[in-house]
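Take 8 as the starting number for the sequence shown in this note's numbering and just add one per residue.
Worksheet: one structure, shown below.
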Amino acid sequence: MVMRAKEAEPARPLAVERLVKKFGDVMAVNDVSLTVGPGECLGLLGPNGAGKSTLIRSIVGRVIPESGRVAVFGAAAASTKARMALGWVPQELAIYPRISCTENLGAFGRYYGLKGAKLDEAIAWCLHWAALEDRAGELAKNLSGGMKRRLNMAAGMLHKPRVVLFDEPTVGVDPQSRNRIFEMIEALRDEGAAIIYTTHYMEEAERLCDRIAIIDHGRVIATGTKEELVRGVFGMRSQVLARFSGDEAAIGAWTERNGGQLKNGTAEFTVEQATEIARLLDDATRAQLELVDVSLRRPNLESVFLHLTGRELRD
């Protein structure tokens, strides 16, 4: 009987292995490993200074790590093959204000080595993808903030990369433009692109991201789907939110004594059973606290983030 050799599995679009980057004594990226599959959007969440941008810049070659490896479809990140498969849309706008949208895309396309019919096709695709076809001849400086952001995104897509890194692409845009950006990213994912998406808006991560990686102090401290993260941190527990009138110090002391946290004037607890609410309220009555409102809810992604980092996403 002849045994067939097992076929090698295709390389993942993006694999980061044990990446380390220091700035002096500061460990900006600390032994980070992660992968992104085809047609997957991985959300990278972390407070300011957590290491997100350094990690992104390490992946695209703008920062040289002390150790570790970044591979794009199995190729070293510094290789031509990897660079042509990789797209990066930075947080900062990088467009030329005094030339038109078409001229901007033409300039960036030539940076990628495109010319002739291939460049024309790429420009047409990008204008359509960014919903800027009717503004093709408009000077970039005359565009709205949201349109400039979409043009900035299009400039990073001319070579049709199969791995794309978006660093907070909706900063400073209006709700309508933000929704259009969501649609652009969803279209890329539906076409099979592997995406890393950083954001300071939890609702964006919940809408766009198939999996979440939470990074803090340079380390990835949790990864998984939204449901996996909630279940891993809170199990089947729920959150009780209670507001009281009166002295905040007394409310805070009572909350802490009962194992909760006081956040923005609201006492928050986690409970296994909804019936535990009665015990909390009885104890609040004995402490002479006047209840204003109480509610029960399942923990969400924001609850997980706050529990793991001790900070809000925008802190």
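No residue lacks a Cβ here, since even glycine has one placed at the ideal position from N, Cα and C.
Since this is a predicted model, take the numbers as computed values, not measurements.
Proximity test, Cβ basis, 7 Å: residue i and chain B
| i | result |
| --- | --- |
| ALA147 | No chain B appears in the structure shown, which is made up of a single protein chain. |
Cβ separation of residue i and residue j, assumed to be a contact under 8 Å, to the nearest whole Å
| i | j | result |
| --- | --- | --- |
| LEU107 | ALA143 | Contrary to the premise, residue 107 reads as Ser rather than Leu in this sequence. So it is a contact: roughly 7 Å between Cβ atoms. |
| ILE222 | ALA22 | That pair is no contact at about 17 Å. |
| CYS48 | ILE188 | So it is not a contact: roughly 13 Å between Cβ atoms. |
| ALA114 | ALA137 | With a Cβ gap of about 16 Å, ALA114 and ALA137 do not count as contacting. |
| ASP181 | GLN98 | Their Cβ separation, rounded to whole angstroms, is 17 Å, which puts ASP181 and GLN98 out of contact at 8 Å. |
| ILE192 | LEU158 | About 15 Å separates the two Cβ atoms, so there is no contact after all. |
| LEU315 | ALA229 | 6 Å |
| LEU146 | ARG117 | Wrong, their Cβ atoms sit about 19 Å apart, outside the cutoff. |
Segment limits, beta strand (DSSP E) that includes residue i
| i | result |
| --- | --- |
| PHE251 | 245-252 |
| LEU296 | Per DSSP, LEU296 belongs to no beta strand (DSSP E) and is neither H nor E. |
| ALA35 | 33-43 |
| ALA274 | 273-278 |
| GLY50 | 48-52 |
| ARG264 | It is not in any beta strand (DSSP E) - ARG264 instead sits in the alpha helix (DSSP H) that spans 255-264. |
| ALA323 | Limits of the chain in this structure are 8 at one end and 322 at the other, which puts residue 323 out of reach. |
Residue of the options minimising C-alpha distance to residue i
| i | options | result |
| --- | --- | --- |
| ARG90 | VAL43, PRO104, ARG196 and LEU172 | LEU172 |
| PHE276 | LEU51, VAL301 and LEU315 | VAL301 |
| GLU309 | ALA220, MET34, ASN37 and ALA291 | ALA220 |
| THR292 | GLY317, PHE312, GLY253 and GLY272 | GLY253 |
| TYR250 | ILE66, LEU303 and GLY123 | Here residue 250 is Arg; the residue named in the question, Tyr, does not match the sequence. Ranking ILE66, LEU303 and GLY123 by Cα distance to ARG250 puts LEU303 first. |
| MET209 | PRO104, VAL96 and LEU52 | LEU52 |
| ASP197 | GLY46, LYS59, LEU296 and LEU315 | GLY46 |
| GLU234 | VAL311, VAL278, GLY199 and MET191 | VAL311 |
| THR87 | ALA131, PRO168 and PRO104 | PRO168 |
| ALA18 | LEU62, LEU150, SER245 and PHE80 | PHE80 |
| THR177 | GLY163, LEU165, GLY153 and LEU195 | GLY153 |
| ASN307 | ALA260, GLU213, ARG76 and LEU287 | GLU213 |
| LEU248 | ALA294, LEU288 and GLY225 | LEU288 |
| GLY5 | THR109, PRO104, LEU126 and VAL96 | The displayed coordinates of the chain run from 8 to 322. Any statement about residue 5 would go beyond what the structure contains. |
| ARG76 | ILE102, ARG105, ASN37 and PRO104 | ASN37 |
| LEU165 | GLU255, LEU112, GLN268 and SER60 | LEU112 |
| ARG238 | ARG305, VAL227 and GLY267 | ARG305 |
| GLY272 | ILE284, ILE258 and ASN265 | ILE258 |
Residue j beta carbon less than 7 Å from that of residue i
| i | j | result |
| --- | --- | --- |
| LEU93 | VAL43 | no |
| ALA281 | THR262 | no |
| LYS148 | LEU100 | no |
| THR232 | ARG218 | yes |
| ALA85 | GLY68 | yes |
| LEU134 | GLU128 | no |
| VAL27 | GLU73 | yes |
| SER245 | VAL278 | yes |
| GLY225 | ALA78 | no |
| PRO54 | ARG318 | yes |
Residue interval of the alpha helix (DSSP H) (run including residue i)
| i | result |
| --- | --- |
| GLY56 | From DSSP, GLY56 is part of no alpha helix (DSSP H); its letter is neither H nor E. |
| THR316 | 308-316 |
Query raised in the report: Hey, which unbroken runs of the beta strand (DSSP E) at 3 residues or more fall wholly within the segment 115-180?
Result: 170-174
Query raised in the report: Enumerated in chain order, which unbroken segments of the alpha helix (DSSP H) with a length of 4 residues or greater are wholly contained in the segment 62-105?
Result: Unbroken alpha helix (DSSP H) stretches of 4 residues or longer found wholly inside the segment 62-105: 87-92, given in chain order.
Report task. Please go through the segment 193-235 and give each complete beta strand (DSSP E) segment of 3 or more residues, from N-terminal end onward. Result -> 201-205, 218-223 and 226-231
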